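Step one of this worksheet: look at the structure below.
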Amino acid sequence: MHELVCVGCGPGDPELLTVKAVKAIQSAEVIACPTAKEGKPSIALSVVESLIGNPEIVNLVFPMVKDKDTLESTWEKNTQILADKVLEGKKVVYLTVGDPYLYSTWIYLHRELQEKFPQIKISVIPGIVSMFTFASKVGISLAEGAETMAVIPSCYDLSRVKETAKNCDTMIFLKDGRYFDQVIKLLKESGFSDDSIFAIGQDLGTTNEIVRKMRLGDVNESTLTTKYFSIMVVKRA
Ligand SMILES: C[S@@+](CC[C@H](N)C(=O)[O-])C[C@H]1O[C@@H](n2cnc3c(N)ncnc32)[C@H](O)[C@@H]1O
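Counting from 1, one number per residue, gives the positions in the sequence shown under full-length UniProt numbering.
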C-alpha cells in the first residue's frame, strides 16, 4: 500500500517535535515541504534540518494569494507532485509548521489526495500549535473554567471580530501582524478594557523570537509587529 505521512513540525524549535515525528522524518526517502515562493527556503524544513540525513527534498510552492482560481490550481498541481512521489513507491513525508489541521497547506492537499488518489493511505502526526507554545512562554491560560476563546486569522474580513469579541474571553489572532492595530481598536470598541491582558509573540522558537506581555491599555505602535509569523492574544482582565 502506498503511504504518505504528514508531520506537524511544531512552532520552530526542533526540540518541540514529537518522538513519532522525528522517527517519520528520519526514515523518509523524500521530504516535501511548503514554501511561499520559488527559491525561498521552507520554514517547516528549517525546523527539521538538523535531524535529517540526505533525503530528496521537494519544495512545493504555495503563493500567498487569495485568488480562488490560483489557489485551486496550486493545490491541484502540488497534490499531483506529491502523489507521483508516493506512487513511485518512496517513503514520503510532508512537513507543515505547527499542527497540520490549523490553517495549514496540508488541509487542501489532504482533501485533494482523498478525492483523486484514494489508493494512497494517509497518516497525520500532530504538531504543537503555535498559540499553545506562545501561551507557555507568556504564562497565560488561554481558557479556564467557563471561559471561551476564539481563534481568528487577522488577514481576512475583520468585520466579524467585534461580534466574536462580545462573546469571548480570550481572542487569539494568527496570520499577518500588519492588521493587529486595527484589531486592537475593534476589541476596545467591543468592551475589552485597558486592564485586559495583552501578549504578542513573533518568530517563536527561532533566534529572532520576540515575546511581550502587558496591559492592553499600555500597548502602543512600537509594541506591535507587522510580521507574518506573529501571534497576538488578548484576554479579559
Ligand atoms: C499558516 S498559519 C499555520 C499555523 C500552524 N499550523 C499552527 O498550528 O500553529 C501561520 C500562522 O501561525 C502562526 N505561527 C505559526 N508558527 C509561528 C511561530 N513560530 N511564531 C509565531 N507565530 C507562528 C502565525 O500567526 C502565522 O501567521
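Quick reminder that beta carbons are idealized off the backbone N, C-alpha and C, glycines included. Note that the structure is a prediction, hence the values are computed from the model and not measured.
Comparing alpha-carbon positions, which option in Gly-8, Ala-165 and Ala-135 lies nearest Thr-148?
By 1-based counting over the sequence shown, the position of residue 148 is 148. Restricting attention to Gly-8, Ala-165 and Ala-135, the CA atom closest to the CA of Thr-148 is found in Ala-165.
Within the present structure, is the beta-carbon of Pro-11 separated from the nearest heavy atom of ligand 1 by less than 6 Å?
Taking the first residue of the sequence shown as position 1, residue 11 is located at position 11. It does: the Cβ of Pro-11 is within 6 Å (strictly closer) of some heavy atom of ligand 1.
Is Asn-132 near ligand 1, going by C-beta to nearest heavy atom under 6 Å?
Numbered from 1 along the sequence shown, position 132 holds the residue referred to as residue 132. As written in the sequence, residue 132 is Phe, which differs from the Asn given in the question. No, the Cβ of Phe-132 stays beyond 6 Å of every heavy atom of ligand 1.
Any idea if Ile-210 is buried or exposed, counting beta-carbon neighbours within 10 angstroms, 16 or more meaning buried?
The count along the sequence shown starts at 1 and reaches residue 210 at position 210. That one is exposed.
Indicate whether Leu-216 and Asp-181 have their beta-carbon atoms separated by less than 7 Å.
Position 216 of the sequence shown, counted from the first residue, corresponds to residue 216. Position 181 of the sequence shown, counted from the first residue, corresponds to residue 181. No, Cβ-Cβ distance for Leu-216 and Asp-181 is not below 7 Å.
Quick check on this structure: which residue in Ala-199, Asp-203, Gly-205 and Arg-236 has the alpha carbon closest to the alpha carbon of Lys-188?
Taking the sequence shown and counting its residues from 1, the one referred to as residue 188 is at position 188. Here the closest residue by C-alpha is Arg-236.
Hey, would you say the C-beta of Leu-102 is under 6 Å away from at least one heavy atom of ligand 1?
Locating residue 102 in the sequence shown gives position 102, where the first residue counts as 1. Because some heavy atom of ligand 1 lies under 6 Å away, the Cβ of Leu-102 counts as near it: yes.
Give the straight-line distance between the Cα atoms of Gly-98 and Thr-133, rounded to the nearest whole angstrom.
Looking up residue 98 in the sequence shown gives position 98. Looking up residue 133 in the sequence shown gives position 133. Just so you know, the alpha carbons of Gly-98 and Thr-133 end up roughly 9 Å apart.
Which listed residue (Glu-76, Leu-51 and Gly-53) has its alpha carbon closest to that of Val-61:
Within the sequence shown, numbered from 1, the residue matching residue 61 stands at position 61. Nearest C-alpha to Val-61: Glu-76.
When you compare only the Cα positions, how much space is there between Val-47 and Pro-14?
Counting from one through the sequence shown, the residue named residue 47 turns up at place 47. Counting from one through the sequence shown, the residue named residue 14 turns up at place 14. Going from the Cα of Val-47 to the Cα of Pro-14 covers about 5 Å.
Are the C-beta of Ser-193 and some C-beta of chain C separated by less than 7 Å?
Here chain C cannot be found, since the structure has a single protein chain.
Beta carbon of Val-161, beta carbon of Val-183: below 7 Å?
The sequence position of residue 161 within the sequence shown is 161, counting from 1. The sequence position of residue 183 within the sequence shown is 183, counting from 1. Judged by their CB atoms, Val-161 and Val-183 are nearer to each other than the 7 Å cut-off.
Thinking C-alpha only, which one of Gly-12, Ile-200, Val-30 and Lys-213 is nearest Val-5?
In the sequence shown, counting from the first residue as 1, residue 5 sits at position 5. Out of Gly-12, Ile-200, Val-30 and Lys-213, Val-30 has the C-alpha closest to the C-alpha of Val-5.
In three-state terms, what does DSSP make of Arg-236?
Within the sequence shown, residue 236 is the residue found at index 236, counting from 1. In the displayed model, Arg-236 falls within coil according to three-state DSSP, outside both helix and strand.
Is the distance from the Cβ of Ala-21 to the Cβ of Ile-125 below 7 Å?
Here residue 21 corresponds to residue number 21 of the sequence shown, with the count starting at 1. Here residue 125 corresponds to residue number 125 of the sequence shown, with the count starting at 1. Yes, they are a contact pair.
For Asn-59, which three-state DSSP category applies?
Locating residue 59 in the sequence shown gives position 59, where the first residue counts as 1. Under the three-state reduction of DSSP output, Asn-59 falls in the strand class.
So Leu-142 packs on Gly-12, CB below 8 Å; how close in whole Å?
Your numbering for residue 142 matches position 142 in the sequence shown. Your numbering for residue 12 matches position 12 in the sequence shown. Not really, about 19 Å apart at Cβ, beyond 8 Å.
For Leu-82 versus Ala-28, is the C-beta distance shorter than 7 Å?
Sequence index remark: in the sequence shown, residue 82 carries index 82 (1-based). Sequence index remark: in the sequence shown, residue 28 carries index 28 (1-based). The criterion of a C-beta distance shorter than 7 Å is not satisfied by Leu-82 and Ala-28.
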